[in-house]
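One structure is given below, encoded as structure tokens.
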């Protein structure tokens with residue numbers, strides 16, 4: 072049986088994107104309040120602007136939630152396919168790959184191209200923006216390393232006995 | 132001792148009831164206040180489409196990348212060739228032209 076890891080990698084990547092988005096939204100937007108979705112356009116120094124940013128932050132979180140839900144659904148379906156090895160290294164690597172992808176894509180588009188906001192808003196484009204991108208690259212490299220390491224993982228323990236077949 | 136759970140329940144009930152009488156937020160997007168109106172006007176103003184699109188844009192890229200991972204990129208398949216030893220002509224063994 073030909074092994075196919077694509078469903079697992081795709082699901083893990085999408086889940087990693089969602090988890091990375093939640094880390095950004097919860098830690099940077101809400102707890103530390105370093106920036107908001109449109110804080111470069113509407114500086115949150117008035118109540119009205121803070122509320123406007125909260126609406127767009129909410130929309131960002133809504134999209135992140137949808138991405139996470141789709142990733143979860145894809146992971147469930149991957150677990151039901153016989154040809155998908157249930158590899159921890161592949162899944163964890165995919166999660167890191169997704170998180171790194173979030174940092175890289177969101178960082179380039181929102182921080183550098185569109186200038187919607189910056190990691191530390193009051194500093195503008197700063198080392199924090201570049202560190203955000205560097206972290207994305209590092210996560211992707213780590214993820215790819217783990218995914219490659221998981222290439223040799225065979226179809227062993229599998230969540231769905233039906234997918235493996237009766238013993 | 133037996134009344135302790137009832138006491139806790141009373142305190143919890145009073146707390147949640149008191150929330151109903153708390154001062155409402157003055158700037159929520161649904162509020163009928165001047166600040167709330169200003170928030171709504173800005174959110175649903177002329178920039179709504181652009182702001183929505185730029186918020187969505189990274190997620191479209193994420194979806195594209197994930198689809199590429201799942202379905203594979205439409206690239207020409209690499210044709211595996213047999214090892215050179217078996218296929219290639221060993222030029223050193225050719226007879227020299229006379």
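Residue numbers (my numbering), protein chains in the order written: chain A, 72 to 238; chain B, 132 to 229.
We put the CB at the ideal spot given by N, CA and C, even for glycine.
- Between the segment 152-161 of chain A and the segment 75-84 of chain A there are three or more inter-stretch CB-CB distances shorter than 8 angstroms, so the stretches are counted as touching.
- In terms of CA proximity to residue 188 of chain A, A/112 leads the group A/77, A/75, A/112.
- When DSSP states are grouped into helix, strand and coil, residue 151 of chain A belongs to the coil group.
- A straight line joining the alpha-carbon of residue 194 of chain A with that of residue 208 of chain A spans about 22 angstroms.
- DSSP places residue 202 of chain B in the helix class (H, G or I) of the three-state scheme.
- Contact check between the segment 171-180 of chain A and the segment 197-208 of chain A: three or more CB pairs, one atom from each, fall below 8 angstroms, which counts as touching.
- Three or more beta-carbon pairs separated by less than 8 angstroms are not found between the segment 147-156 of chain A and the segment 171-184 of chain B, which leaves the two stretches without contact.
- The alpha carbon of residue 124 of chain A has as its nearest neighbour, out of B/174, B/193, B/191, the alpha carbon of B/174.
- With respect to the C-alpha of residue 145 of chain A, the residue from A/126, A/110, A/215, A/79 having the closest C-alpha is A/79.
- Taking residue 224 of chain A as the centre and dropping the five residues before and after it, the same chain places the C-beta of 156, 158, 160, 161 closer than 7 angstroms to its C-beta, in chain order.
- Residue 218 of chain A sits buried, since 16 or more C-beta atoms from the chains shown fall within 10 Å of its C-beta.
- When the Cα atoms are used, residue 182 of chain A and residue 141 of chain A turn out to be separated by approximately 26 angstroms.
- Counting along the chain, no alpha helix (DSSP H) covers residue 177 of chain B, and no H or E run does either.
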